[in-house]
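All residue numbers for the sequence shown refer to the working numbering, where the first residue is 524 and numbers rise by one. Even for Gly, the Cβ is constructed at its ideal location relative to N, Cα and C.
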Amino acid sequence: MILGFKTKLPNGTPTYFPEKIIEGLTKNCWIKVNDWTDIMLKEGPQKEMILGQHKPKVHTLRTDDTDRWHKDVMIDFFTGVRTKQSHRFAPRVPVISTQSVKIDEMIMTSADSCYKLLDGRVFVVRVDGRKLKKSEIFSLAKNDGFDSPEDFFKWFHDGWKGKIIHWTCLKY
Numbered sequence: 524m525i526l527g528f529k530t531k532l533p534n535g536t537p538t539y540f541p542e543k544i545i546e547g548l549t550k551n552c553w554i555k556v557n558d559w560t561d562i563m564l565k566e567g568p569q570k571e572m573i574l575g576q577h578k579p580k581v582h583t584l585r586t587d588d589t590d591r592w593h594k595d596v597m598i599d600f601f602t603g604v605r606t607k608q609s610h611r612f613a614p615r616v617p618v619i620s621t622q623s624v625k626i627d628e629m630i631m632t633s634a635d636s637c638y639k640l641l642d643g644r645v646f647v648v649r650v651d652g653r654k655l656k657k658s659e660i661f662s663l664a665k666n667d668g669f670d671s672p673e674d675f676f677k678w679f680h681d682g683w684k685g686k687i688i689h690w691t692c693l694k695y
């Protein structure tokens, strides 16, 4: 099933999601550097990529109201979905697992089970119903390809709920 990825944040900054996903797939032995990456990087928009330049993206968060994403569904990684610039940038891999996720902005909560942004807003993240600790929220943002929790919470805001789609064995 097609899983589309944006190449820019809302402010226009590049996401480098394809490059980060390729890093993650390479580090987790889904692909060999000289096989798929040589072919796709020469042809795709990320052809200037240097492996090792980005931190790996090892999962993605998506809304999934119809429960389409579950274990063993094959992931087709694309950018430019529904455009002439549509491009498969990585090989198909199966979903290893999914986890439910809910993000809420809070007024006050325990300092260890939330993340306070520089602007003073406080977010609580629940995965499979469990509140993540501050350090786990930081890891979730990084593992999802964001440079900081601040960037993560610009993308995923108050009241967001969906799934973490894992293509590695990582779980929260």
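Please list the terminal residues of the continuous beta strand (DSSP E) segment that includes residue i.
i: Asp599; result: Met597 to Thr602
i: Thr549; result: No beta strand (DSSP E) holds Thr549; the alpha helix (DSSP H) holding it covers Phe540 to Lys550.
i: Ser620; result: Ser620 to Met629
Contact check, residue i vs residue j under 8 angstroms by CB: the rounded distance?
i: Thr621; j: Lys686; result: 5 angstroms
i: Trp703; j: Ile626; result: Look at the range of the chain in this structure, 524 to 695, and you will see that residue 703 is not part of it.
i: Ser623; j: Val650; result: 7 angstroms
i: His577; j: Lys529; result: With 8 angstroms as the limit, His577 and Lys529 do not qualify as a contact, their Cβ atoms being about 15 angstroms apart.
Return the CA-CA distance between residue i and residue j, expressed in angstroms with no decimal places.
i: Phe675; j: Glu659; result: 13 angstroms
i: Tyr638; j: Ile630; result: 12 angstroms
i: Gly603; j: Arg644; result: 33 angstroms
i: Tyr695; j: Lys550; result: 19 angstroms
i: Val593; j: Lys531; result: First, the amino acid is wrong: residue 593 is His here, not Val. Looking at the two C-alpha atoms, the distance is approximately 27 angstroms.
i: Phe540; j: Leu526; result: 12 angstroms
Output needed for residue i: all residues of its chain with C-beta closer than 8 angstroms, excluding positions within five of it in sequence on either side, in chain order.
i: Asn666; result: Pro579, Lys580, Val581, His582 and Leu693
Under DSSP, the alpha helix (DSSP H) around residue i begins and ends at which residues?
i: Asp674; result: Pro672 to Trp678
Report all residues from its chain with a CB closer than 7 angstroms to the CB of residue i; omit the five preceding and five following residues, and keep chain order.
i: Arg615; result: Met597, Ile598 and Asp599
Enumerate in chain order the residues of its own chain whose CB-to-CB distance from residue i is below 6 angstroms, with the five nearest sequence positions on each side excluded.
i: Ala664; result: Pro672 and Phe675
Can you determine whether any heavy atom of the ligand GDP sits closer than 7 angstroms to the C-beta of residue i, and answer yes or no?
i: Ile630; result: Only the bare structure without any ligand can be found here, which leaves the ligand GDP out of the picture.
One question on the structure: do residue i and residue j come within less than 8 angstroms of each other, judged by their Cβ atoms?
i: Ile688; j: Arg591; result: no
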